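Q: Okay, so the sequence shown: first residue is 4 according to the numbering used here, each after it adds one.
Handing you this structure, nothing more for now.
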Amino acid sequence: MVVVMDDKFKKFSRALRGVQLGLHDRSIELEKRISQLKGEKNQFEENLTQEREAFQLELEKEREVTALKLKEVRAERAEILAFREGNYEEKEIIDEEEVEEIEDGLNFAEKTAADNQETIDQKELDVAREREEQILLYNAEYAKEYEALIFQYEDRLDDNVKLSLKLEEAKSKVEDMTTTILSIDLALNQLTNELAELKKKAASGSRHRAELAKYRIRALNNEISNMKYNIHALNEQLLKKEIDLDIARTDLAVSEANFEKLNSSIVGKDLELRNSAQIRDSLIARLDRLKADLRHLNRREAHNRADLAEVQAKNKSLVDDLAYARRNVRKAV
């Protein structure tokens with residue numbers, strides 16, 4: 004009987020050893036993955052630094068171009084104002100000469116025509132000034148509207164990045180829980196087979212063997228019950244994670260649709276406006292994406308470290324269970 008129990012525990016030890024080797028391999032794989040993620044993190048940091056430097060250079064160039072354009076606009080405006088003042092002086096000189104001619108002998112009809120012409124010119128000038136003020140006001144309102152759309156675009160882009168990260172994290176958790184459930188199912192099948200063999204031996208063996216087998220059967224039944232309970236709990240958690248995953252997918256789809264609409268609106272406004280804000284906002288969005296990727300890598304590294312700690316904890320738990328089972332067998336013998 005002792006030999007049989009020793010054989011059982013040897014088989015169990017070999018199985019446990021295989022699990023430990025698998026966990027060890029998993030630990031090595033996780034360590035390699037962590038090292039790889041660290042390398043990717045360093046690479047992203049270097050890329051971020053390069054992008055930041057390039058952004059600064061392009062921003063300086065854009066400032067220089069904007070300053071030149073501003074100087075050109077100011078020069079044109081000064082020329083227009085000078086041109087208008089020159090026209091006013093010339094018109095005043097002409098008006099004075101006409102008044103002198105009228106005083107010298109022009110008839111009343113010619114004087115009336117001159118006055119009417121002056122009134123018409125003044126009205127045209129007032130209309131031109133009013134139109135210019137309306138154009139400036141429209142340009143200011145349009146710039147504010149474009150800036151608001153840019154801010155909305157950046158907020159929507161941040162929301163999409165967050166939803167993508169949340170979706171990827173949910174997928175990872177679902178895959179991990181599915182793997183855990185499969186491993187528990189495998190262990191449950193092995194214990195069930197062992198239980199069936201022990202029941203056969205209990206039916207055909209002696210009373211002493213039957214008692215030992217019953218003791219072992221009770222222990223296995225308890226383990227099976229615990230595993231079934233754990234499987235049930237994991238299935239509930241898996242169902243909850245799948246629901247969260249579906250919600251995240253739906254939110255991401257809605258956000259992407261809104262993002263496409265907003266992007267189309269931004270493109271239309273961008274084609275109409277065509278100023279330096281487009282390049283600046285594009286560079287800022289690129290920098291935000293790189294920062295989001297860096298934050299994502301940090302989260303993945305922390306998650307992998309947590310997985311490594313969980314694997315080590317499971318390994319220790321299996322070793323403790325083996326020691327406890329051996330002590331029970333020795334007491335039974």
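Think of the CB as a built atom: it goes at the ideal place given N, C-alpha and C, for glycine as much as any other residue.
Note that this is a predicted model, so its numbers are computed, not measured.
Exposed or buried, what is Lys264 when buried is set at 16 or more other beta-carbons lying within 10 Å of its beta-carbon?
A: Exposed, since its Cβ has fewer than 16 Cβ neighbours within 10 Å.
Q: Pick out whichever of Glu226, Glu56, Leu60 has its Cα sitting closest to the Cα of Asp421.
A: The displayed coordinates of the chain run from 4 to 336. Any statement about residue 421 would go beyond what the structure contains.
Q: Would you call Lys244 buried or exposed, if buried means 16 or more other Cβ atoms sit within 10 Å of its Cβ?
A: By the neighbour-count rule (16 or more Cβ atoms within 10 Å), Lys244 is buried.
Q: Would you kindly work out how many angstroms separate the C-alpha atoms of Leu293 and Ala316, rounded to a whole number?
A: Each residue's Cα considered, the two are about 35 angstroms apart.
Q: Using 10 angstroms around the beta-carbon of Arg298, count the other beta-carbons present and answer buried if the total reaches 16, otherwise exposed.
A: With fewer than 16 Cβ atoms within 10 Å of its Cβ, Arg298 is classed as exposed.
Q: Straight-line CA distance for Tyr218 to Asn301?
A: Tyr218 and Asn301: Cα-Cα distance of roughly 50 angstroms.
Q: With 16 as the cutoff for other CB atoms within 10 Å, does Arg330 come out buried or exposed?
A: Its Cβ having fewer than 16 others within 10 Å, Arg330 is exposed.
Q: Around the C-beta of Arg303, are 16 or more other C-beta atoms found within 10 angstroms, so that it is buried, or is it exposed?
A: Per the 10 Å Cβ criterion, buried.
Q: If we ignore side chains and look at the alpha-carbon of each, how far apart do Lys319 and Ile246 end up?
A: Lys319 and Ile246: Cα-Cα distance of roughly 33 angstroms.
Q: Out of Leu241, Ala222, Ser228, point me to the one whose CA is closest to Leu182's CA.
A: For the record, residue 182 in the displayed sequence is Thr; it is not Leu. Considering only alpha carbons, the answer is Leu241.
Q: Considering only the alpha carbon of each residue, which of Ile234, Ala222, Lys334, Asn224 lies closest to Leu189?
A: Nearest option by C-alpha distance: Ile234.
Q: Quick one: Cα of Glu63 to Cα of Arg252, how far?
A: Between Glu63 and Arg252, the C-alpha separation is close to 41 angstroms.
Q: Could you have a look at Tyr91 and say whether DSSP puts it in helix, strand or coil?
A: Unreliable placement is indicated for Tyr91, whose pLDDT of 42 sits below 50; the coordinate value is still reported in the next sentence. Helix, per DSSP.
Q: Can you check which of these residues, Val314, Asp310, Asp296, Asn261, is closest to Glu49 by C-alpha distance?
A: It is Asp296.
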